[in-house]
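A.B. asks:
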Amino acid sequence: MAAKPKIFLTRELPPETMAILRDQSVLTMNPHDRYLDKQEIIDGVRKVDGLLCLLTDTIDDEILAAGSNLKVVANFAVGFNNIDVSAATRRKIPVTNTPGVLTDTTADMAWALLLAAARRVAEGDRFVRTRAWQGWGPLQYMGGDVTGATLGIIGLGRIGQAVVRRARGFDMKVIYWNRTRLSPEQENELGVAYAEMDEVLRRSDFVSLHVALNDETTHLIGAQQLALMKPTACIINTARGPVIDEKALVSALQEGTIGAAGLDVYEHEPELEPGLYDLENAVLAPHLGSATIGTRTKMGNMAAENCLAGCRGERPPNLVNPEIYE
Ligand code: NAP
Numbered sequence: 005m006a007a008k009p010k011i012f013l014t015r016e017l018p019p020e021t022m023a024i025l026r027d028q029s030v031l032t033m034n035p036h037d038r039y040l041d042k043q044e045i046i047d048g049v050r051k052v053d054g055l056l057c058l059l060t061d062t063i064d065d066e067i068l069a070a071g072s073n074l075k076v077v078a079n080f081a082v083g084f085n086n087i088d089v090s091a092a093t094r095r096k097i098p099v100t101n102t103p104g105v106l107t108d109t110t111a112d113m114a115w116a117l118l119l120a121a122a123r124r125v126a127e128g129d130r131f132v133r134t135r136a137w138q139g140w141g142p143l144q145y146m147g148g149d150v151t152g153a154t155l156g157i158i159g160l161g162r163i164g165q166a167v168v169r170r171a172r173g174f175d176m177k178v179i180y181w182n183r184t185r186l187s188p189e190q191e192n193e194l195g196v197a198y199a200e201m202d203e204v205l206r207r208s209d210f211v212s213l214h215v216a217l218n219d220e221t222t223h224l225i226g227a228q229q230l231a232l233m234k235p236t237a238c239i240i241n242t243a244r245g246p247v248i249d250e251k252a253l254v255s256a257l258q259e260g261t262i263g264a265a266g267l268d269v270y271e272h273e274p275e276l277e278p279g280l281y282d283l284e285n286a287v288l289a290p291h292l293g294s295a296t297i298g299t300r301t302k303m304g305n306m307a308a309e310n311c312l313a314g315c316r317g318e319r320p321p322n323l324v325n326p327e328i329y330e
């Protein structure tokens with residue numbers, strides 16, 4: 005029987021995944037309930053066959069070089085902006101992600117933020133807890149209508165499309181911008197109309213961001229783009245923090261350039277742009293997009309399967325750099 009592969013895991017994952025990894029590999033892992041620093045990851049990857057890491061781990065060329073036996077880097081996320089994929093490709097190391105299994109869960113979170121921001125749920129919750137509420141009032145905490153409003157999607161990939169499907173129940177008009185325009189059949193099936201990004205920003209009551217983070221999408225939304233939005237509009241970000249220029253967003257929310265924001269991700273997590281903490285018109289979640297027990301378990305099992313396949317020298321199922329096999 006072939007020897008079990010050696011895997012280094014940077015943070016404990018759900019129990020089902022841990023059982024798979026313990027059964028099928030010689031596992032070393034982060035013993036702490038905190039992020040590892042770079043040196044700790046470097047020490048961890050020496051002599052192992054596979055690295056199973058998180059979106060909070062920056063995997064650069066130095067780490068890849070330290071893992072001289074590395075046969076795979078498996079990310080526990082669909083986004084892989086935390087990994088220097090070009091460096092891994094140069095070193096012929098397959099990099100994998102966890103697409104699909106978190107699509108619905110993340111779309112649900114975008115909707116939770118959209119509804120909370122529109123209907124001022126978090127603000128109302130904070131108010132009730134002050135014990136100052138004197139009862140129902142006709143002008144209290146009035147928000148914006150969701151039903152019948154225009155939803156703008158920026159980035160109509162898997163999660164963007166799942167958000168659109170949920171909009172049907174709210175009779176929304178949906179417009180989108182995507183780098184690659186969908187086919188007329190796909191547009192028709194989803195019930196969406198294409199528009200240039202500026203147009204989407206101008207016309208939408210809600211703008212939800214779903215692009216992957218890379219050099220081209222960093223600060224895709226800055227002061228100039230926010231200025232195009234309606235003063236009542238609400239922006240939702242469940243993609244990655246750096247897609248929005250967070251300083252510009254804080255100014256726009258403070259000055260009333262836009263109405264509200266629902267954010268799951270931040271430019272410099274876990275730090276937020278200081279003004280953001282004090283803004284009543286921002287709903288702030290601590291990066292919970294995929295955080296359900298079922299989804300995190302599926303992501304863990306998928307990442308484990310990718311990692312084990314890579315360690316065995318097989319082509320892992322969810323490869324993001326297929327060019328290494330060309
Ligand atoms: P996906 O199906 O691969 O969609 C990616 C989208 O990004 C596509 O619309 C793609 O456009 C666009 N894109 C990629 N590179 C671009 C570029 N250079 N310029 C413009 N657009 C570009 O991915 P997904 O599964 O929907 O996930 C989307 C993102 O959500 C992930 O990358 C991740 O960062 C984030 N996410 C966050 C959470 C959370 O916890 N908050 C959870 C899951 C995912 P094309 O169609 O033209 O390729």
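Numbering (the working numbering), first residue to last: 5 to 330. The C-beta atom is built at its ideal place from N, Cα and C for all residues, glycine as well. All figures in this text were calculated on a predicted structure; none of them were measured in a lab.
#1: Could you give the first and the last residue of the continuous alpha helix (DSSP H) run that contains Thr151?
#2: Reducing DSSP to helix, strand and coil, say where Tyr39 ends up.
#3: Can you tell me which of Arg185, Asp209, Ser187, Leu217 puts its alpha carbon nearest to the alpha carbon of Leu230?
#4: For the region 112-165, which segments carrying the alpha helix (DSSP H) assignment without a break, of at least 4 residues, lie completely within its bounds, in sequence order?
#5: So, helix, strand or coil for Thr60, using DSSP?
#6: Please go through the same chain and pick out, in chain order, the residues whose beta-carbon is closer than 7 Å to the beta-carbon of Arg50, but skip the five residues on each side of it.
#7: Does the ligand NAP have even one heavy atom less than 7 Å from the beta-carbon of Glu220?
#8: Quick one: grab the DSSP three-state call for Asn79.
#9: Thinking C-alpha only, which one of Val167, Gly83, Ile63, Gly139 is nearest Val196?
#10: Answer yes or no: the CB of Thr100 versus the heavy atoms of the ligand NAP, is any distance below 7 Å?
#11: Does the beta-carbon of Thr296, which I'm using as the reference point, lie nearer than 7 Å to any heavy atom of the ligand GDP?
#12: With DSSP as the reference, label Thr299 as helix, strand or coil.
#13: What does the alpha-carbon distance come out to for the pair Ala7 and Gly161?
#14: Which value, in whole angstroms, describes the spacing of the CA atoms of Val247 and Glu200?
#15: Looking at Pro320 and Pro98, is the spacing between their C-beta atoms short of 8 Å?
#16: Report the rounded CA-to-CA distance for Ala120 versus Ala111, giving the unit in angstroms.
#17: Give the range of the alpha helix (DSSP H) segment to which Ile67 is assigned.
#18: Should Gly4 go down as buried or exposed, given a rule of 16 or more other Cβ atoms within 10 Å for buried?
#19: Looking at Gly314 and Ala78, is the spacing between their C-beta atoms short of 8 Å?
#20: Just to confirm the assignment: which complete beta strand (DSSP E) runs, minimum length 3, are found wholly within the region 202-237?
#21: Out of curiosity, what's the CA-to-CA distance linking Glu189 and Leu232?
#22: Go ahead and pull the three-state DSSP assignment for Met33.
#23: Please report the residue range of the alpha helix (DSSP H) in which Lys251 lies.
#24: Indicate whether the contact test is met: 3 or more Cβ pairs, each with one atom in the region 123-130 and one in the region 173-189, closer than 8 Å.
#25: Compare the C-alpha of Asp219 against each of Asp202, Lys234, Arg244, Ala227 and name the closest.
#26: If you compare alpha carbons, which of Ala264, Arg95, Cys238 is closest to Glu327?
#27: Below 8 Å, how does it come out for the region 141-155 and the region 289-305: are there three or more Cβ pairs, yes or no?
#28: Taking 8 Å as the threshold (C-beta atoms), are Ile11 and Asn305 in contact?
#29: Am I right that Asn86 and Leu68 are in contact with their C-beta atoms under 8 Å? What's the rounded C-beta distance?
#30: Give me the Cβ distance between Leu117 and Asp282, rounded to the nearest whole Å; I'm assuming they're in contact under 8 Å.
#31: In whole angstroms, give me the CA-to-CA distance for Asp65 and Glu271.
C.D. replies: Reading off the structure:
#1: In the sequence shown, counting from the first residue as 1, residue 151 sits at position 147. The continuous stretches of alpha helix (DSSP H) do not include Thr151, and DSSP gives it neither H nor E.
#2: In the sequence shown, residue 39 corresponds to position 35, counting from 1. It is coil, neither helix nor strand.
#3: Taking the first residue of the sequence shown as position 1, residue 230 is located at position 226. The residue with the shortest Cα to Cα distance from Leu230 is Asp209.
#4: Runs of the alpha helix (DSSP H) lying entirely within the region 112-165, each at least 4 residues long, are 125-133 in chain order.
#5: As a working mapping, residue 60 is identified with position 56 in the sequence shown. In the structure shown, Thr60 sits in coil (DSSP, three-state: anything other than H, G, I, E or B).
#6: Walking along the sequence shown from the start, residue 50 turns up at place 46. Contacts found: Ala70, Gly71.
#7: Here residue 220 refers to the residue found at position 216 when the sequence shown is read from its first residue. Correct: Glu220 has its Cβ closer than 7 Å to the ligand NAP.
#8: The residue given as residue 79 occupies position 75 in the sequence shown. Reduced to three states, the DSSP call for Asn79 is strand.
#9: Residue 196 sits at position 192 when you count from the first residue of the sequence shown. Closest option to Val196, Cα to Cα, is Val167.
#10: The residue given as residue 100 occupies position 96 in the sequence shown. It does not: the Cβ of Thr100 is nowhere closer than 7 Å to a heavy atom of the ligand NAP.
#11: The model depicted lacks the ligand GDP and carries the ligand NAP instead.
#12: Within the sequence shown, residue 299 is the residue found at index 295, counting from 1. Thr299 carries a helical assignment under DSSP once its states are collapsed to helix, strand and coil.
#13: As a working mapping, residue 7 is identified with position 3 in the sequence shown. As a working mapping, residue 161 is identified with position 157 in the sequence shown. Distance between the alpha carbons of Ala7 and Gly161 is about 40 Å.
#14: Within the sequence shown, residue 247 is the residue found at index 243, counting from 1. Within the sequence shown, residue 200 is the residue found at index 196, counting from 1. Put simply, the backbone Cα of Val247 is about 17 Å away from that of Glu200.
#15: Locating residue 98 in the sequence shown gives position 94, where the first residue counts as 1. Locating residue 320 in the sequence shown gives position 316, where the first residue counts as 1. Taking 8 Å as the cut-off, the Cβ atoms of Pro98 and Pro320 count as close.
#16: One-based indexing of the sequence shown puts residue 120 at position 116. One-based indexing of the sequence shown puts residue 111 at position 107. Taking the CA atoms as reference points, Ala120 sits about 14 Å from Ala111.
#17: As a position in the sequence shown, residue 67 is number 63, starting the count at 1. Ile67 -> alpha helix (DSSP H) spans 65-70.
#18: The structure shown does not extend to residue 4, since the chain spans only 5 to 330, so no value can be given for it.
#19: As a position in the sequence shown, residue 78 is number 74, starting the count at 1. As a position in the sequence shown, residue 314 is number 310, starting the count at 1. Yes, Cβ-Cβ distance for Ala78 and Gly314 is below 8 Å.
#20: Correct list: 210-213.
#21: Locating residue 189 in the sequence shown gives position 185, where the first residue counts as 1. Locating residue 232 in the sequence shown gives position 228, where the first residue counts as 1. Each residue's alpha carbon lies about 30 Å from the other.
#22: Looking up residue 33 in the sequence shown gives position 29. Strand.
#23: As a working note, residue 251 is residue 247 in the sequence shown. Its alpha helix (DSSP H) spans residues 250-259.
#24: Too few Cβ pairs lie closer than 8 Å, so no.
#25: Indexing the sequence shown from 1 puts residue 219 at position 215. Distances from the alpha-carbon of Asp219 to those of Asp202, Lys234, Arg244, Ala227 put Arg244 closest.
#26: Position 323 of the sequence shown, counted from the first residue, corresponds to residue 327. Selection Ala264, Arg95, Cys238 evaluated against Glu327 yields Arg95 as nearest (Cα-Cα).
#27: Counting C-beta pairs with one atom in each stretch, the region 141-155 and the region 289-305 have fewer than three that are closer than 8 Å, which means they do not touch.
#28: Working through the sequence shown from its first residue, we reach residue 305 at position 301. Working through the sequence shown from its first residue, we reach residue 11 at position 7. Cβ atoms of Asn305 and Ile11: not closer than 8 Å.
#29: The count along the sequence shown starts at 1 and reaches residue 86 at position 82. The count along the sequence shown starts at 1 and reaches residue 68 at position 64. Contact flag wrong, Cβ pair sits at about 13 Å.
#30: For the purposes of this step, residue 117 is taken as residue 113 along the sequence shown, with counting starting at 1. For the purposes of this step, residue 282 is taken as residue 278 along the sequence shown, with counting starting at 1. Cβ atoms of Leu117 and Asp282 stay farther apart than 8 Å, at about 19 Å.
#31: Taking the sequence shown and counting its residues from 1, the one referred to as residue 65 is at position 61. Taking the sequence shown and counting its residues from 1, the one referred to as residue 271 is at position 267. The straight-line gap separating the alpha-carbon atoms of Asp65 and Glu271 is approximately 22 Å.
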